[in-house]
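Protein chains in written order, with our numbering: chain A, 7 to 299; chain B, 221 to 488; chain S, 221 to 488; chain L, 50 to 329; chain C, 50 to 329. The beta carbon of each residue, even a glycine, is placed where N, CA and C say it ideally should be.
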Amino acid sequence: GDGSGDDGPTVVTSAYPFQFLVERVAGDYYAVENLTRPGAEAHDLELSPRQVADVQGADLVVYVEHFQAALDEAVEQADREDDTTVDLATVVDLLEADEESHEGHDHGDEEEGHKDHDHGGVDPHFWLDPHRMELAARAIGESLAEIDPDHADDYTANAEELVTELQTLDADFTVGLQNCELRTIVTAHSAFGYLADAYDLTQIPIAGLEPSAEPSSAQLAEISDLVTSAGVTTVFTEELVDPRVAETVANATGATTAILDPIEGLSEATADEDYLSLMRNNLDAIREANRCQ
Amino acid sequence: MPVSPGTDGGAGGPALPEPVLQANGITVDLGGRSVLTSVDLTLGRGEVVAVLGANGSGKSTLVRAVIGLVPRRAGSVELFGTPLERFRDRARLGYVPQRSTGSTGVPATVREVVLSGRLARRRFLGPASRADKAAADRAIELVGLTPLRGRPVTELSGGQHQRTLIARALASEPELLVMDEPLAGVDAASGHQLARTVGDLVASGTAVLLVEHDLGPLTDVVDRAVVIDHGRVAYDGPAHGAPTEHVHHHPHDGEPARLQPLPGEGVL
Amino acid sequence: MPVSPGTDGGAGGPALPEPVLQANGITVDLGGRSVLTSVDLTLGRGEVVAVLGANGSGKSTLVRAVIGLVPRRAGSVELFGTPLERFRDRARLGYVPQRSTGSTGVPATVREVVLSGRLARRRFLGPASRADKAAADRAIELVGLTPLRGRPVTELSGGQHQRTLIARALASEPELLVMDEPLAGVDAASGHQLARTVGDLVASGTAVLLVEHDLGPLTDVVDRAVVIDHGRVAYDGPAHGAPTEHVHHHPHDGEPARLQPLPGEGVL
Amino acid sequence: MLELLDYPFMRLALAAAVITGVTAPAIGTFLVQRRLALLGDGIGHVALTGVALGLLTGTAPLLTAVVAATLGALAIELLRTYARTSGDVALAMLFYGGLAGGVMLINFAGDSAAKLNSYLFGSIVTVTSSDLITVAILGGLVLAVVLAATPQLFAVCQDEDHARVSGVPVRLYGILIAVLAAVTITVAMRTVGLLLVSALMVVPVAAAQQVSRSFRGTHLLAILLGLLAAVGGVVASFEIDTQPGPTIVLMALAFFAVLAGVRGVVALTGRWRGRPLESG
Amino acid sequence: MLELLDYPFMRLALAAAVITGVTAPAIGTFLVQRRLALLGDGIGHVALTGVALGLLTGTAPLLTAVVAATLGALAIELLRTYARTSGDVALAMLFYGGLAGGVMLINFAGDSAAKLNSYLFGSIVTVTSSDLITVAILGGLVLAVVLAATPQLFAVCQDEDHARVSGVPVRLYGILIAVLAAVTITVAMRTVGLLLVSALMVVPVAAAQQVSRSFRGTHLLAILLGLLAAVGGVVASFEIDTQPGPTIVLMALAFFAVLAGVRGVVALTGRWRGRPLESG
Ligand SMILES: Nc1ncnc2c1ncn2[C@@H]1O[C@H](COP(=O)(O)OP(=O)(O)OP(=O)(O)O)[C@@H](O)[C@H]1O
Ligand SMILES: Nc1ncnc2c1ncn2[C@@H]1O[C@H](COP(=O)(O)OP(=O)(O)OP(=O)(O)O)[C@@H](O)[C@H]1O
Ligand SMILES: [Mg+2]
Ligand SMILES: [Mg+2]
Ligand SMILES: [Zn+2]
């Protein structure tokens with residue numbers, strides 16, 4: 007971050023998948039500044055002044071509201087024009103956080119309490135659904151065309167090219183996951199709701215949306231029973247999350263573990279990959295785990 | 221120069237001047253243990269009463285109870301004619317605790333600690349008035365700590381610290397001065413100085429209630445002695461007659477003291 | 221019953237028995253302030269030396285320096301012939317601090333605190349031996365706290381607490397007993413008991429170094445007095461000749477004491 | 050350096066830094082005096098439970114957080130008074146109780162409470178002007194109380210028995226300190242962040258203690274150091290591109306290190322050595 | 050209730066609960082005695098910095114966490130000894146320094162450190178058998194040291210001066226306690242969770258204090274209560290479907306409340322009233 011924003015047109019994104027989209031659609035016309043994803047630790051949800059200045063000075067901001075509190079505040083404070091701020095939540099249709107997967111947790115009556123605050127209850131991991139990514143890519147193309155009409159055609163073309171690739175990915179998933187012995191995936195945290203929704207899978211997340219939340223013992227027992235009864239032989243874990251929760255379930259059920267990447271960011275190990283290749287890795291992992299033809 | 225009669229101040233008749241302190245039937249439990257049983261204590265204006273007794277007999281508990289630092293199970297206390305519970309005029313009271321209590325996380329100088337003795341006299345808002353500062357400096361002078369008044373209390377010797385606490389009590393210019401072993405750790409010169417100061421205070425009408433094992437330089441200023449034994453008054457009478465050396469229980473038994481109290485009269 | 225000569229133990233000649241404590245030229249700074257300047261102190265077997273002096277003269281600092289609780293800027297200390305730095309045989313040392321220091325977050329009973337006085341004598345592993353327990357109980361008995369030995373020290377009166385600390389020092393059966401104002405807050409009976417105990421210890425060869433403002437019941441057992449004034453030795457000689465009442469500085473000045481020290485000889 | 054004033058958010062941040070830098074040590078000095086240095090963090094933990102409760106019951110979470118924090122502060126006073134617990138243990142119980150309670154409640158509240166942190170943790174560079182007004186009012190209130198009641202607060206923190214004998218309602222003032230601290234922390238953590246406000250309550254005081262010998266001197270120097278660290282930290286975080294909260298805290302810690310070093314050097318080189326001993 | 054033994058992870062959890070429940074109060078009693086009840090939490094904050102450092106430098110994060118925690122524990126001893134800071138202030142500085150340092154480093158470490166919490170925080174229900182072995186060895190070590198050196202540790206925590214005169218290397222034992230605590234916490238937070246281990250160091254001790262009058266009694270009762278809370282909490286968390294960490298902590302807090310109540314009732318109804326006063 008160089009702060010001022012005067013030294014060239016920039017787009018600020020809030021997470022790696024959006025950075026990927028903007029880089030592909032904007033080509034060389036815009037530099038993309040991806041804000042370091044703040045960790046989940048309560049105290050450190052904080053941006054540096056330069057990052058706040060970036061948010062203010064950027065030509066375009068692409069993010070999902072109610073996902074990162076610090077960014078929400080920075081955007082609100084920057085008082086940006088509507089057409090230079092893309093809240094992808096308004097572009098794609100976001101799912102409610104999936105509660106059913108934890109049977110035995112019935113929060114029916116408690117839901118009322120949350121209605122006034124739409125913060126909670128929404129699952130942000132929509133990028134794991136290629137089709138929603140198509141919508142996001144087109145929206146970004148349109149916004150870029152609006153703020154930089156001179157290169158509108160380039161943006162449209164780039165977006166369409168990316169959409170084609172995403173469609174191919176979508177098709178590969180559809181075909182690849184058509185004939186599987188199993189339609190259940192057990193994941194480390196409930197990031198894969200969109201993916202499951204799109205390809206008719208059932209996700210059993212061990213933890214909630216926050217990967218650091220401690221599961222209850224009864225919940226672990228319940229998931230172990232579910233895994234056994236569903237005949238699941240692979241429990242998925244994540245690169246950046248401590249695998250011990252997944253390993254506990256695997257140990258309890260005799261299953262093995264494998265990695266499924268929620269693509270919230272690139273790690274050292276995945277530095278050479280991009281969104282598309284990571285999604286294909288995920289596809290391979292699920293095909294193997296669920297014994298798909 | 222006692223103003224009220226020594227042995228039974230306040231009990232004699234309604235015409236006597238109102239006692240400074242009148243405590244009746246004080247009974248105190250600490251930690252589920254009965255520490256004081258029906259103790260009466262009266263103090264007139266300008267009177268100096270010494271509370272004597274063996275370790276653990278309940279002297280500190282008694283003085284703490286009469287100034288409201290320890291809850292009573294039974295009994296009543298009146299200060300200057302007002303029940304302790306409703307007594308608001310705290311500037312008339314000065315207290316020197318046994319051993320220091322205030323070790324805190326932020327340094328404070330001798331002068332700051334002594335100035336806190338003016339608390340009850342200060343106007344509520346604003347910095348300390350000139351009168352407050354003068355009174356504090358006078359009190360510091362009286363205990364001979366003037367050269368050390370800017371020193372943090374944590375860097376004092378034991379006796380210097382004790383004298384700081386005495387100065388804090390003097391700074392409030394009290395009409396009832398309660399001191400729990402004020403001489404402990406204080407050198408002879410300062411002890412004599414304290415005796416002179418107490419003499420001056422008494423001359424101006426201040427009453428003094430003090431606890432000591434050995435009155436030392438204070439012997440001459442004390443009018444009356446109250447001996448506490450196992451939480452009861454074992455003697456209440458003229459100081460020169462107090463059985464200081466005899467009311468003590470053999471260290472090894474758990475029984476009540478064998479000396480029979482002789483109220484109102486010395487045994488020596 | 222002093223064993224070594226009173227005034228110049230250890231300095232007289234090489235044939236004398238090794239002194240229990242030999243300190244030379246002790247100089248101590250505290251908080252950037254010079255507190256002790258070139259103090260010499262010698263103590264022979266079975267000798268009882270009282271350190272006297274005004275508040276703040278440096279008595280506590282001196283005794284703390286000779287047992288290694290305060291770092292010296294200059295000077296040397298030998299305990300039982302071994303330099304303090306290399307002295308490991310800590311069971312031979314007992315220490316009663318001035319005012320209590322140990323207020324902690326977990327309760328501890330009188331017996332537990334006194335038993336901790338046996339620390340230097342205990343075998344490293346395993347529970348306290350029978351000998352340890354017997355010694356602790358004996359020490360508790362000596363200070364008359366036997367009925368209270370199961371009481372948490374936080375529920376003691378001031379004098380009871382002080383006596384617990386004395387018992388802790390006695391429990392180690394020391395050959396050099398260092399006590400900083402042991403009588404402060406202790407009642408007369410316990411004071412006499414302590415004097416008797418010190419007498420017995422001395423008879424068995426223990427040396428005692430004690431700080432007091434008023435020797436009281438201990439007067440008879442003290443062989444020699446050392447008067448400290450403004451961090452220097454102002455007198456070192458027979459106890460009965462010590463200028464206790466005269467070495468003190470006027471409370472208001474910052475100058476050195478005006479009394480000229482008369483080493484080796486009493487002034488009274 | 051003046052470049053940073055071009056950004057409105059930096060002007061707001063500097064204003065918030067000034068207020069927090071002055072207010073936090075002003076009340077924090079009394080916490081340090083009472084040996085409750087970690088009260089700030091404890092309150093933060095309890096506020097978490099309050100937010101969870103608010104989410105569960107459909108009450109405004111900030112309100113329940115303030116209520117929970119205040120109750121927590123009261124609980125500490127009660128534990129110190131009635132149970133055999135020292136201040137640090139009472140604080141620890143508050144910590145763990147608050148944390149465990151919060152985690153359990155979040156569990157009941159379900160996933161929707163997962164983002165509960167966002168109710169609690171602000172950042173000084175995203176302060177809005179209405180935030181600033183809240184903080185300024187609160188800061189003014191705290192400063193006014195502290196200024197007006199310093200002698201009483203000092204007495205209560207220095208020696209409770211003596212304060213009681215002097216007619217100071219000791220428990221009331223103890224509660225006043227705790228509640229002031231609780232409200233300050235809960236409001237400030239939402240605008241400028243918990244780490245910042247709770248650290249600024251303690252670290253400048255510890256730094257000031259290194260060289261000051263009086264309570265008054267420590268109090269004033271702590272406020273000055275708090276102010277310097279807050280403003281300096283905001284500026285530095287802009288220059289070196291770091292988060293302002295931790296930058297301010299590290300700057301305050303640097304002050305501590307420097308002053309502790311100064312004191313150590315002075316003591317060692319014996320600048321005072323040989324100075325005539327004051328008599329007493 | 051025996052149903053829970055069908056799950057291997059519950060059997061492991063119970064074993065880990067027994068070890069943690071005994072070990073944490075065994076060392077924690079000395080922390081409470083030294084008025085460092087919150088050391089556990091402080092160490093946790095510093096360990097965060099250690100993990101961030103490990104990630105930055107490519108070293109094993111657990112190793113750097115243990116090193117950082119140990120250095121932090123040493124820093125507290127040094128601050129207490131050489132700077133004019135009381136234990137709680139020293140702890141607070143460690144807290145905020147650790148936290149601020151960690152946050153800054155994470156900032157530099159970038160994305161890959163975002164989930165750094167997961168390096169730090171375990172849960173008793175995800176203990177593996179190799180974890181259990183680590184915890185058992187560590188617990189055995191801590192218990193052995195505590196058993197062997199209780200008289201020395203007691204003396205050091207009770208009265209440092211007296212311990213020094215008795216020839217106990219006070220600083221060494223102070224450091225021993227701090228380092229034992231640091232290592233226990235760092236290892237245990239990874240296996241059973243920070244909240245659990247740091248709370249079990251304090252809460253059972255506070256509970257035991259309510260009814261015990263001796264150090265030995267407090268120590269033993271605290272260990273017993275820690276064990277009961279840990280095992281009971283694991284069982285209860287299974288029965289009522291809650292997370293085991295907070296359940297155990299709340300159970301320990303419930304013990305505290307009950308024992309404090311018992312004490313209050315006994316004191317009020319005056320069971321001891323009229324008991325003859327022991328002389329002294
Ligand atoms: N921590 C400290 N820092 C600075 N100066 C100190 C410190 N402790 C004591 N002093 C000063 O050193 C001098 C000697 O103190 P010391 O405690 O040895 O006196 P003392 O002779 O034992 O007095 P007392 O009879 O009051 O116990 C005093 O002037 C005291 O103010
Ligand atoms: N907090 C407490 N809990 C229970 N018992 C206590 C407590 N404080 C004091 N006691 C007991 O109450 C009795 C009276 O104590 P007090 O302090 O009044 O004695 P004292 O006469 O002042 O003795 P000293 O001469 O030693 O100061 C003693 O037996 C003591 O052990
Ligand atoms: Mg007393
Ligand atoms: Mg002394
Ligand atoms: Zn996620």
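For residue 293/S, three-class secondary structure by DSSP: Residue mapping note: residue 293/S aligns to position 73 of the third sequence, counting from 1. Coil, per DSSP.
Contact between the segment 235 to 250 of chain C and the segment 133 to 150 of chain C (3+ Cβ pairs under 8 Å): No contact exists between the segment 235 to 250 of chain C and the segment 133 to 150 of chain C.
Buried or exposed (CB count within 10 angstroms, at least 16 for buried), residue 112/C: Within the fifth sequence, the letter at position 63 stands for residue 112/C. With fewer than 16 other beta carbons inside 10 angstroms of its own, residue 112/C counts as exposed.
heavy atom of ligand 4 below 7 Å from residue 214/C C-beta: Within the fifth sequence, residue 214/C is the residue found at index 165, counting from 1. Result no, Cβ not under 7 Å from ligand 4.
Residue range of the unbroken beta strand (DSSP E) whose run includes residue 315/S: Start at 1 with the first residue of the third sequence, and residue 315/S comes out as number 95. 313 to 316 is the extent of the beta strand (DSSP E) around residue 315/S.
Closer than 7 Å: residue 284/L CB and nearest ligand 4 heavy atom: What you label residue 284/L is simply residue 235 of the fourth sequence in a count that begins at 1. Residue 284/L Cβ: outside cutoff for every heavy atom of ligand 4.
Chain A contact residues for residue 59/L, given Cβ-Cβ distances below 7 Å: Taking the first residue of the fourth sequence as position 1, residue 59/L is located at position 10. Going along chain A in sequence order, the residues near residue 59/L (Cβ under 7 Å) are 55.
Residue 138/C: contacting residues in chain B (beta-carbon distance under 9 Å): Position 89 of the fifth sequence, counted from the start, is the residue given in the question as residue 138/C. Here the neighbours are 325.
Buried or exposed (CB count within 10 angstroms, at least 16 for buried), residue 460/S: As a working mapping, residue 460/S is identified with position 240 in the third sequence. Under this definition residue 460/S is an exposed residue.
Exposure label - residue 174/C; buried when at least 16 CB within 10 Å: As a working note, residue 174/C is residue 125 in the fifth sequence. By the neighbour-count rule (16 or more Cβ atoms within 10 Å), residue 174/C is buried.
Straight-line gap, residue 410/S to residue 409/B (C-alpha atoms, nearest Å): Taking the third sequence and counting its residues from 1, one reaches residue 410/S at position 190. Taking the second sequence and counting its residues from 1, one reaches residue 409/B at position 189. Answer to the nearest angstrom: the Cα atoms are 25 Å apart.
CB contact check: residue 314/C to chain B, cutoff 8 Å: What you label residue 314/C is simply residue 265 of the fifth sequence in a count that begins at 1. Output row for residue 314/C: interface = no.
Residues that residue 272/S bridges to, as DSSP identifies them: Here the question's residue 272/S lines up with position 52 in the third sequence. For residue 272/S, which the question treats as bridged, DSSP gives the partners 447/S.
Nearest to residue 389/B (by Cα), restricted to the options 430/B, 301/B and 370/B: By 1-based counting over the second sequence, the position of residue 389/B is 169. Measuring from the Cα of residue 389/B, the nearest candidate turns out to be 430/B.
Exposed unless 16 or more other CB atoms sit within 10 angstroms - verdict on residue 256/C: For this step, residue 256/C is matched to residue 207 along the fifth sequence. It is buried - the Cβ of residue 256/C has at least 16 other Cβ atoms within 10 Å.
Cβ-heavy atom distance, residue 456/B to ligand 3, below 7 Å: Residue 456/B sits at position 236 when you count from the first residue of the second sequence. No, since every heavy atom of ligand 3 falls outside the 7 Å radius drawn around the Cβ of residue 456/B.
Short CB-CB distance (under 8 Å) between residue 419/B and chain S: Here residue 419/B corresponds to residue number 199 of the second sequence, with the count starting at 1. It does not; no Cβ of chain S falls within 8 Å.
Closer than 8 Å to chain A by CB, residue 172/L: As a position in the fourth sequence, residue 172/L is number 123, starting the count at 1. Cβ-Cβ to chain A under 8 Å: yes for residue 172/L.
Near-chain A residues of the segment 255 to 289 of chain L - C-beta to any C-beta below 7 Å: Those would be 286 and 287, in chain order.
Contacts around residue 260/C, its chain only, beta-carbon distance under 8 Å, and the 5 residues preceding and following it disregarded: Position 211 of the fifth sequence, counted from the first residue, corresponds to residue 260/C. Excluding sequence neighbours, residue 260/C sits near 270, 308, 311 and 312.
4-residue-minimum alpha helix (DSSP H) runs that sit fully inside the segment 213 to 294 of chain L, ordered along the chain: Listed in chain order, the complete alpha helix (DSSP H) runs (minimum 4 residues) inside the segment 213 to 294 of chain L are 219 to 240, 243 to 260 and 264 to 289.
Same chain, Cβ closer than 7 Å to residue 99/A, five either side skipped, listed in chain order: Position 93 of the first sequence, counting from 1, holds the residue named residue 99/A. Leaving aside the five residues that flank residue 99/A on each side, none in its chain has a CB nearer than 7 Å to its CB.
Own chain partners of residue 65/C with C-beta closer than 8 Å, once the 5 adjacent residues on each side are dropped: Taking the fifth sequence and counting its residues from 1, the one referred to as residue 65/C is at position 16. For residue 65/C, where only same-chain residues beyond five positions count, the Cβ hits under 8 Å are 173, 176, 180, 181, 184, 240 and 241.
Any non-hydrogen atom of ligand 2 within 7 Å of residue 280/C CB: In the fifth sequence, residue 280/C corresponds to position 231, counting from 1. No, the Cβ of residue 280/C stays beyond 7 Å of every heavy atom of ligand 2.
With 16 other Cβ atoms within 10 Å as the buried cut-off, status of residue 435/S: In the third sequence, the residue the question calls residue 435/S occupies position 215. Residue 435/S comes out buried.
Through-space distance from residue 451/B to residue 412/S, alpha-carbon basis: In the third sequence, counting from the first residue as 1, residue 412/S sits at position 192. In the second sequence, counting from the first residue as 1, residue 451/B sits at position 231. Cα-Cα distance, rounded: 23 Å.
Cβ pair residue 252/S, residue 427/S closer than 8 Å: The residue labelled residue 252/S in the question sits at position 32 within the third sequence. The residue labelled residue 427/S in the question sits at position 207 within the third sequence. The Cβ atoms of residue 252/S and residue 427/S lie no closer than 8 Å to each other.
Residue from 352/B, 391/B, 369/B and 407/B with nearest C-alpha to residue 449/S: Taking the third sequence and counting its residues from 1, the one referred to as residue 449/S is at position 229. Residue 407/B is the option with its Cα nearest to residue 449/S.
Of the listed residues 71/L, 74/L and 78/L, nearest to residue 207/L (C-alpha basis): Your numbering for residue 207/L matches position 158 in the fourth sequence. When only C-alpha atoms are compared, the closest one is 78/L.
Paired residues, beta bridge with residue 69/L - DSSP: Counted from its first residue, the fourth sequence places residue 69/L at position 20. Bridge partners of residue 69/L: none, in fact.
Rounded distance between the beta-carbons of residue 310/B and residue 340/B, thought under 8 Å: Position 120 of the second sequence holds residue 340/B. Position 90 of the second sequence holds residue 310/B. Their Cβ separation, rounded to whole angstroms, is 4 Å, which keeps residue 340/B and residue 310/B in contact under 8 Å.
Assumed close pair residue 25/A, residue 19/A - CB separation to whole angstroms, cut-off 8 Å: The residue labelled residue 25/A in the question sits at position 19 within the first sequence. The residue labelled residue 19/A in the question sits at position 13 within the first sequence. Right, the Cβ-Cβ distance comes to about 4 Å (below 8 Å), so this counts as a contact.
Cβ-Cβ distance between residue 193/A and residue 230/A below 8 Å: Here the question's residue 193/A lines up with position 187 in the first sequence. Here the question's residue 230/A lines up with position 224 in the first sequence. No.
Residue 269/A at chain C interface by Cβ criterion, 8 Å: Here residue 269/A corresponds to residue number 263 of the first sequence, with the count starting at 1. Not closer than 8 Å to any Cβ of chain C, the Cβ of residue 269/A fails to qualify, so no.
8 Å Cβ cutoff, residue 245/S in contact with chain L: As a working mapping, residue 245/S is identified with position 25 in the third sequence. Not one chain L Cβ lies under 8 Å of residue 245/S.
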